[in-house]
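Engineer:
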Amino acid sequence: MAEDLSIIQGTKEEQYRTLLPQIKALMEGEPDLIANLANICGALKEQFGWLWVGFYLVKKDELVLGPFQGPVACTRIRKGRGVCGAAWQQGNSLVVPDVEKFPGHIACSSLSKSEIVVPLFSNNVVAGVLDVDSILLKDFDETDKKYLEEIVSWIEG
Ligand code: SME
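Here it is as structure tokens:
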């Protein structure tokens, strides 16, 4: 397919429904993990304009920064630390409506107000997380959780 996205206005649901098949098409026939993670970040950032969209990958006992779009970010996060480390430890997605109210939140950017973190699994073990930050409070909800989990499931081994 041509490597340009069709970006739409509309409800969040409509935006995801238009975007998901395009992400799927971008990943089709591409086995390289980093290439796919990079395009997922690019597609989500372009459609939604969030502050930061990126992956951290489990390497030994830490999450290490992977492909992302947005401002520079911290490179390593320990298990249980911040929203990312908590999602890793718990093995489930975390929606944080106000990052200042999340104990231990790691502020990579002072502009970030809300956040969602979705773990990605390999052989039923957390292999990384998708982290998305917004400059708006309460920007993420069950719709984001549902669709971001679906996208992440495509890269799980
Ligand atoms: N806020 C995250 C750290 C990563 S940055 O947002 C990119 C956290 O608390 O885990």
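Counting in my numbering, the sequence shown runs from 101 upward without gaps.
The C-beta atom is built at its ideal place from N, Cα and C for all residues, glycine as well.
Could you please give me the residues that DSSP links to residue 159 through a beta bridge?
Structural biologist: DSSP, once it has assigned bridges, lists 162 as partnering residue 159.
Engineer: With distance defined between alpha-carbon atoms, name the residue in 104, 139, 204 nearest to residue 252.
Structural biologist: Checking every option, the nearest Cα to that of residue 252 belongs to 139.
Engineer: Assuming residue 261 and residue 208 are in contact, meaning their beta carbons sit under 8 Å apart, how far apart are those beta carbons, in whole angstroms?
Structural biologist: Lying outside 101 to 257, the shown extent of the chain, residue 261 is not represented and no answer is given.
Engineer: Grab me the residues of residue 254's own chain with a C-beta within less than 7 Å of its C-beta, minus the 5 sequence neighbours each way, in chain order.
Structural biologist: Closer than 7 Å at the Cβ level, and outside the excluded window around residue 254, lie 124, 127.
Engineer: Any heavy atom of the ligand SME inside 6 Å of the beta-carbon of residue 152?
Structural biologist: Because some heavy atom of the ligand SME lies under 6 Å away, the Cβ of residue 152 counts as near it: yes.
Engineer: What is the rounded straight-line gap between the Cα of residue 117 and the Cα of residue 108?
Structural biologist: Approximately 10 Å, taken between the alpha carbons.
Engineer: Quick check on this structure: which residue in 211, 159, 243 has the alpha carbon closest to the alpha carbon of residue 188?
Structural biologist: When only C-alpha atoms are compared, the closest one is 159.
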